[in-house]
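Those sequence lines, one after another, are chains A and B. Numbering-wise, numbering that gives the first Met the number 0 puts 118 at position 119 of the first sequence, and it's gapless, one number per residue. Numbering-wise, numbering that gives the first Met the number 0 puts 13 at position 14 of the second sequence, and it's gapless, one number per residue. Glycine included, every Cβ here is placed at the ideal spot set by N, Cα and C. These figures come from a predicted structure and were not determined experimentally. Data first, discussion second: the structure below is written as structure tokens.
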Amino acid sequence: MMPLSETGALGADGVLLTAPLIGFAFGWFLERGGLGDARKLTGQFYLNDLTVFKVLFSALVTAMLGAFWLDRVGLLDLDLVYLPETWVLPQALGGALFGVGFVIGGLCPGTSCVAAAAGRLDGLGVVGGMLIGVASFNAVSGWIQPFYESTSLGAVTFADLAGISRGMGVAIVTGIALAGFAVASRIEGTRS
Amino acid sequence: MTRLHPGLAVVAAALGLAAAFDDTSPTYISAPALAERIMRGDATLRVFDLRSLADYNELHIPTAVHTTVDELSRTPFTGTETVVLYQLRSFDAGARASATSSLRLKGARRIYLLREGIYEWIARVREPRLATDATPTERAEFERATLFSRFLGGVARTNVARSEVPAGYWTADVQLPAARSGAAESKALQAVLQVRRRGC
Chain A
0 MMPLSETGAL
10 GADGVLLTAP
20 LIGFAFGWFL
30 ERGGLGDARK
40 LTGQFYLNDL
50 TVFKVLFSAL
60 VTAMLGAFWL
70 DRVGLLDLDL
80 VYLPETWVLP
90 QALGGALFGV
100 GFVIGGLCPG
110 TSCVAAAAGR
120 LDGLGVVGGM
130 LIGVASFNAV
140 SGWIQPFYES
150 TSLGAVTFAD
160 LAGISRGMGV
170 AIVTGIALAG
180 FAVASRIEGT
190 RS
Chain B
0 MTRLHPGLAV
10 VAAALGLAAA
20 FDDTSPTYIS
30 APALAERIMR
40 GDATLRVFDL
50 RSLADYNELH
60 IPTAVHTTVD
70 ELSRTPFTGT
80 ETVVLYQLRS
90 FDAGARASAT
100 SSLRLKGARR
110 IYLLREGIYE
120 WIARVREPRL
130 ATDATPTERA
140 EFERATLFSR
150 FLGGVARTNV
160 ARSEVPAGYW
170 TADVQLPAAR
180 SGAAESKALQ
190 AVLQVRRRGC
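Quick look at the structure:
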């Protein structure tokens with residue numbers, strides 16, 4: 000029964016050993032997919048290269064369908080999978096800040112590590128900026144705490160909020176993703 | 000685009016479409032939401048306690064009826080009821096599928112699970128807690144919980160150490176973290192267990 004980390008099947012040491020392996024695999028696939036290149040990443044904002052959108056949405060849909068059906072056949076207990084909590088305004092502001100940083104730096108946190116590991120100076124620069132951001136947040140976290148903890152919705156999902164079944168939520172997101180892929184391919188086709 | 004991509008898209012579409020027709024996914028209800036329904040005398044509400052009879056006799060949610068999954072599979076429903084199931088803590092995938100499938104076969108349509116079972120009821124309705132350094136949002140939620148607690152014969156507690164009230168606990172339908180870990184009991188569950196140990 001999965002998740003192996005929560006059911007204790009891996010043990011504490013197993014979890015610690017598995018985490019870097021998954022991290023290295025994630026980084027390797029990002030690099031091989033060309034996502035350590037800032038020009039490729041920022042291409043999505045100018046609609047001339049939508050690789051990032053397609054790669055990340057593919058990963059999202061694969062994980063979502065896999066998790067849903069593994070739970071359905073009893074191999075995974077989705078209730079044991081950590082569900083991050085939602086704070087609407089803080090996360091909206093954080094998302095906007097993230098987007099601005101992404102456009103300016105050309106890289107996001109994961110891909111900046113990949114770029115830095117591949118020896119790219121821009122990757123090192125973004126990793127440095129990210130660390131400065133982490134330290135700055137830590138320094139002012141007490142001051143911004145009331146905002147940071149505001150507009151809490153708890154551990155909710157899109158399906159919870161919409162009042163639909165989990166399966167219907169999966170179907171809708173899958174449909175959106177497939178439509179997005181079709182639109183992305185068309186946009187890239189017209190620009191190539 | 001390679002020839003593989005359309006094939007993968009068809010597989011994804013098929014799995015996504017099949018998911019839409021899957022009606023065994025659980026819907027959860029929080030303890031305060033359940034308390035609200037009980038308080039307003041929701042005539043469609045049918046609450047079932049799936050724990051042992053001894054546990055049920057010691058403490059159960061008002062209006063709840065003790066039953067087992069086998070008995071549920073023989074209980075007829077009209078489809079208009081709001082059915083709530085709970086056990087000691089959260090349901091694992093097998094127990095969840097077994098209970099909800101039985102209900103659906105007997106005609107029930109609106110089926111809810113109390114996410115963290117009787118522990119959530121104790122911690123959020125029967126004995127809500129307010130930390131000494133509670134935020135305004137937590138205080139507002141606590142006031143709401145206090146109404147439920149008074150109505151249902153519980154005892155609200157104020158000036159509780161922060162360590163006994165998990166962060167964000169009173170501000171949303173947050174899962175108790177210990178219910179996920181399974182191994183070491185977290186402070187949240189410890190706090191709830193202390194309530195239990197006092198004979199609540």
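| Query | Result |
| --- | --- |
| Nearest by alpha-carbon distance to Asp76(A): which of Cys107(A), Leu88(A) and Pro2(A) is it? | Pro2(A) |
| Give me, in chain order, the residues of the same chain whose beta-carbon lies closer than 6 Å to that of Tyr111(B); leave out the 5 immediate sequence neighbours on both sides. | Thr26, Ile28 and Val83 |
| What's the call for Gly166(A), buried or exposed, on a 16-neighbour Cβ count within 10 Å? | buried |
| Spell out the partners DSSP gives Gly28(B) in its beta bridges. | Going by the sequence as given, residue 28(B) is Ile instead of Gly. Per DSSP, Leu113(B). |
| With DSSP run on the structure shown, which of helix, strand or coil describes Arg119(A)? | coil |
| Just to confirm before moving on: does the CB-CB distance between Ala133(B) and Val164(B) stay below 9 Å? | yes |
| Taking the C-alpha atoms as reference points, what is the distance between Leu34(A) and Leu69(A)? | 29 Å |
| Should Asp21(B) be flagged as near chain A, meaning a C-beta pair shorter than 9 Å? | yes |
| Does Thr50(A) come within less than 9 Å of chain B when only Cβ atoms are used? | no |
| How long is the line joining the alpha carbons of Leu104(B) and Glu70(B), rounded to whole angstroms? | 13 Å |
| Cβ of Phe56(A) within 9 Å of Cβ of Ala161(A)? | no |
| Report all residues from its chain with a CB closer than 8 Å to the CB of Gly104(A); omit the five preceding and five following residues, and keep chain order. | Ala37, Ser111, Asp121, Gly124, Val125 and Gly128 |
| Leaving out five residues before and five after Gly78(B) in sequence, what residues of the same chain have Cβ atoms less than 6 Å from its Cβ? | Gly106 and Arg108 |
| With a threshold of 9 Å between beta carbons, is Thr170(B) in contact with chain A? | Only weak support exists for where Thr170(B) lies, its pLDDT of 45 falling under 50; the value from the coordinates is given anyway. Yes - at least one Cβ of chain A is within 9 Å of the one on Thr170(B). |
| Under 8 Å, with one C-beta from each stretch per pair, do the stretch 10 to 19 of chain B and the stretch 29 to 40 of chain B reach the 3-pair mark? | no |
| Pick helix, strand or coil for Met63(A), following the three-state DSSP scheme. | helix |
| DSSP has Asp76(A) in a bridge; who is on the other side? | Per DSSP, none; premise fails for Asp76(A). |
| In chain A, what lies closer than 8 Å to Thr134(B) by C-beta? | Pro145 and Glu148 |
| Whose Cβ in chain B lies nearer than 7 Å to the Cβ of Gly174(A)? | Gly15 |
| Kindly identify the DSSP beta-bridge partner or partners of His65(B). | Asp48(B) |
| How far does the beta strand (DSSP E) with Leu129(B) in it reach, from first residue to last? | Arg128 to Ala130 |
| CB-CB under 6 Å to Asp48(A), same chain, minus the five flanking residues each way: which ones, in chain order? | Lys39 and Gly42 |
| So is Phe47(B) buried or exposed if we call it buried at 16+ other beta carbons inside 10 Å? | buried |
| Quick check on Gly15(B): buried or exposed, where buried means 16 or more other Cβ atoms within 10 Å of its Cβ? | buried |
| Taking 9 Å as the CB-CB cut-off, is Ala114(A) touching chain B? | no |
| Is the stretch 87 to 97 of chain A touching the stretch 4 to 13 of chain A, taking contact as three or more C-beta pairs under 8 Å? | no |
| Using a Cβ-Cβ distance cut-off of 9 Å, determine whether Ala18(B) contacts chain A. | yes |
| Could you check what DSSP says for Tyr85(B) in three-state terms: helix, strand or coil? | strand |
| Going by the CB atoms, is the gap between His65(B) and Leu44(B) shorter than 9 Å? | no |
| Contact between the stretch 137 to 153 of chain A and the stretch 171 to 185 of chain A: three or more CB pairs below 8 Å? | no |
| What does a CB cutoff of less than 6 Å around Ala223(B) pick up in its chain, not counting 5 residues either side in sequence? | There is simply no residue 223(B) to check, as chain B begins at 0 and stops at 199 in what is shown. |
| Which residue from Thr17(A), Trp27(A) and Val14(A) puts its Cα closest to that of Ala115(A)? | Trp27(A) |
| Compare the C-beta of Asp12(A) with all C-beta atoms of chain B and state if any pair is closer than 9 Å. | no |
| On the three-state DSSP scale, how would you describe Leu29(A)? | helix |
| Would you say Gln174(B) reaches chain A, if we count a Cβ-Cβ gap shorter than 9 Å as a contact? | Confidence in Gln174(B) is poor, its pLDDT being 39 and thus under 50, which makes the residue's placement unreliable; the coordinate value appears in the next sentence. Chain A contact via Cβ: present. |
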